[in-house]
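Note sheet for the following structure.
Numbering (this note's numbering), first residue to last: 210 to 989.
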């Protein structure tokens, strides 16, 4: 398939033999398809015709979904050769080629002449495939030509993505240049034929992402791309073909895989008929570790660590200086180089849960990352001394474990008698049992120590005023010191607070299961009588709001530290949304819930309002809207609808506050009653976004970073949830310099509007008993 290199003028007399009549889903060699006419597949799923993308005046021949009003184009014929008017038409010529003709009947697109030239029929199938075939047979093996062999930017169910080695045909996806220009962009997704085939996404001449080789279930480097209740994935490799394909187990599902020019170019969408929207089902790359060769040779990327790159066991950074500056591209080298003469002194060390390296040079040592689940085992050759050190540690650990088990067993046997004889311990166990039950009465794995009230009372000096750190939405927080000297922070649930047993239980169970350096660590809890207490690790620098809003301390956080805090919060939120064992929506992300450790590293806290979702669930609805006014997303504050995108909205607000040093609830333009979002939007539209920046950052800031963060924050606070990026996209955007989409008008951008929204929700609560909505407004 290709354009004719020279202009081909079809004699006018030839067109006397053709008419513009056509069948419902096909045309024959005696018919043509003109601009304004369309073919519709037999089942009404797809439509072929001429279209104009966006505000462009150019005309293209394409295929789109028939019954989706927002025209979604899945294939374009003349991507690089638009027609400038409505004179275009499609025909099958006498040699059996498809011809698309434009102004002055010049050929702008064509297919190569087939071996068969008579009795041909062009038909649009319900799969979205446009096929040229013999009128007398519909066997796919006999198709003369088909659009599925020449994809644009979209992979539909049943399409082959990869190589037909017999014909030298590479079926690859190429992005549009932009939403108004379907000509080929610089993002390409294709199967590379190295020693073992692998899927690669290219941005220009650079590899951007790699799926990992097929392991029989899915692509080993993309755990999300494996069989589930909706999709069936297939990978075929033989002497004739190498291709990837997906099909649907439920044929009623409408889905498509698209490659675009964004920071997450691999996007799978499903159509939600009830809401008439395309839902973003999954994206790749998922996070910074998914970027190709992020940590260089023999480097392992772990997204939950900081820094995210580590050398594999037995290796060291090639350049310590660059490694410390977070330039990991040179990777790592063996601590003890291998020699072929000493091959008997070599051995293999097993690494688990990894994305396997590519095979461009047999076993190339690049692009390794570690997954929580779904990774594979990799054996790396190294000097025997490294293996001996591992074995030695294993034996030492085994000895310690055996000794520890013996000691602990003796202590447990003696402790059981004491435990059973004490009433207080019995009551604490009963409280622990009660706390460990979920909402449906089922036992849940607490994995958390239960502390005595007397221990906590001593640690906080009787909850003295001098030890009080502050007052949260559900009660005071105290500093304490345990008998072993460990400093703790104790959250004491107020008897009159809005956090009941369910919220308390929710926070305990949630945090006990979470482990991430940007989440606060829960050390234990206590339930005795009417007292409900949570014991956290102590954060000496307290919360973020005590810095950015305090005019005596705000200068402590220069721009580099603020940017580090922004990235840490983003990584913590990404862990909650996508990388933890549970999918968790925080629902109360704000500056006072971001705690800072002694090195000013951020940790997300206060999970009383959080919601747990199953792996595939991303949204929910509630009649009890809780959270902090000024941070709540519009759809949540007004309708009780929440999703991961609600947290993204709150993150966007938090980002604006960190940059500006101003609270979101302030009024920054008296004439228009603009809040912080509206003020940022006004400056953005006036091309002066840096006017938002805190004045104290003038000497320390990096203009491009600040501007990019403002840009990202405005994308996060867009009115419609589906327009906001995911946290994986946010983390990727923060760590790259790729072009960003232009933000749309944000939600809640005027103080007057947001007050009206809150009043609307409150009045709905007061006037309706059947659908009660309780809006908890917590002052910041």
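Just so you know, even glycine gets a beta-carbon here, dropped at the ideal spot from N, CA and C.
Item, Value
"To the nearest angstrom, report how far apart residue 685 and residue 721 are at their CA atoms.", "21 Å"
"At the level of alpha carbons, what is the spacing between residue 611 and residue 805?", "Its pLDDT being 49, under 50, residue 611 is placed unreliably in this model, and the value from its coordinates should be taken loosely. Near 39 Å, if we compare the C-alpha coordinates of residue 805 and residue 611."
"Please say whether residue 478 and residue 467 have beta carbons closer to each other than 8 Å?", "yes"
"Expressed to the nearest angstrom, what Euclidean distance is found between the alpha-carbon atoms of residue 839 and residue 666?", "35 Å"
"Measuring only the C-alpha atoms, how far is residue 305 from residue 340?", "12 Å"
"Regarding residue 949 and the ligand GTP, is the C-beta to nearest heavy atom distance less than 7 Å?", "Summarising the ligand content, the structure contains no ligands, and the ligand GTP is consequently not present."
"Determine the DSSP secondary structure at residue 188, reduced to helix, strand or coil.", "Examination of residue 188 is not possible in this model, given that the chain is present from 210 through 989 alone."
"Note down, in chain order, each residue of its chain lying with its Cβ closer than 8 Å to the Cβ of residue 325, except the 5 sequence neighbours on either side.", "305, 343 and 353"
"Just mark residue 292 as buried or exposed, buried being the case when its beta carbon has 16 or more other beta carbons within 10 Å.", "buried"
"Pick from 517, 536, 530 and 505: whose alpha carbon is nearest that of residue 542?", "505"
"For residue 782 versus residue 472, is the C-beta distance shorter than 8 Å?", "no"
"Determine, using beta carbons only, whether residue 331 and residue 235 come nearer to each other than 8 Å.", "yes"
"Report yes if the CB atom of residue 862 is closer than 8 Å to the CB atom of residue 926, and no otherwise.", "yes"
"Report yes or no: do the stretch 660-680 and the stretch 741-748 share at least 3 C-beta pairs separated by less than 8 Å?", "yes"
"Return the CA-CA distance between residue 919 and residue 869, expressed in angstroms with no decimal places.", "10 Å"
"What is the rounded straight-line gap between the Cα of residue 801 and the Cα of residue 248?", "59 Å"
"Distance check for residue 418 and residue 405, CA to CA, integer angstroms please.", "16 Å"
"Rounded C-beta distance between residue 455 and residue 441? I'm assuming under 8 Å.", "7 Å"
"Check for me: the beta strand (DSSP E) holding residue 770 runs from which residue to which?", "Residue 770 -> not in any beta strand (DSSP E); alpha helix (DSSP H) instead, spanning 768-783."
"May I ask you to verify whether the stretch 811-819 touches the stretch 884-894, counting CB pairs closer than 8 Å and requiring at least 3?", "no"
"What ranges does the alpha helix (DSSP H) occupy inside the stretch 444-521, keeping only unbroken runs of at least 4 residues that lie completely in it?", "none"
"I need the straight-line Cα distance from residue 534 to residue 513, nearest angstrom please.", "19 Å"
"Counting C-beta neighbours from all protein chains within 10 Å, is the total for residue 582 16 or more, i.e. buried, or is it exposed?", "Residue placement at residue 582 is flagged as unreliable, the pLDDT there being 43, under the threshold of 50; a coordinate-derived value is accordingly withheld."
"Quick one: is residue 762 buried, meaning 16 or more other Cβ sit within 10 Å of its Cβ, or exposed?", "exposed"
"Residue 724: which of 691, 687, 814 and 519 sits nearest, CA to CA?", "814"
"Look at the Cβ atom of residue 361, then the Cβ atom of residue 391, and state whether they are nearer than 8 Å.", "yes"
"Please confirm whether residue 669 and residue 689 have their CB atoms less than 8 Å apart.", "yes"
"Verify whether the separation of the beta carbon atoms of residue 945 and residue 787 is less than 8 Å.", "no"
"Exposed or buried, what is residue 401 when buried is set at 16 or more other beta-carbons lying within 10 Å of its beta-carbon?", "buried"
"Across the stretch 255-264 and the stretch 311-324, are there enough close Cβ pairs to call them in contact, namely three or more that are closer than 8 Å?", "no"
"Compute the beta-carbon to beta-carbon distance between residue 905 and residue 764, rounded to the nearest angstrom, for a pair I have assumed lies under 8 Å.", "5 Å"
"Alpha carbon to alpha carbon, how far is residue 388 from residue 411? Give it in angstroms, no decimals.", "19 Å"
"How close, in whole Å, do the beta carbons of residue 658 and residue 738 come, if the pair is a contact with beta carbons under 8 Å?", "So it is not a contact: roughly 19 Å between Cβ atoms."
"Residue 861 lies in the alpha helix (DSSP H); which residues open and close that run?", "853-869"
"In the DSSP assignment, find the unbroken beta strand (DSSP E) run with residue 273 in it and report its ends.", "269-274"
"Of the choices 240, 271 and 916, whose alpha-carbon is the least far from that of residue 290?", "271"
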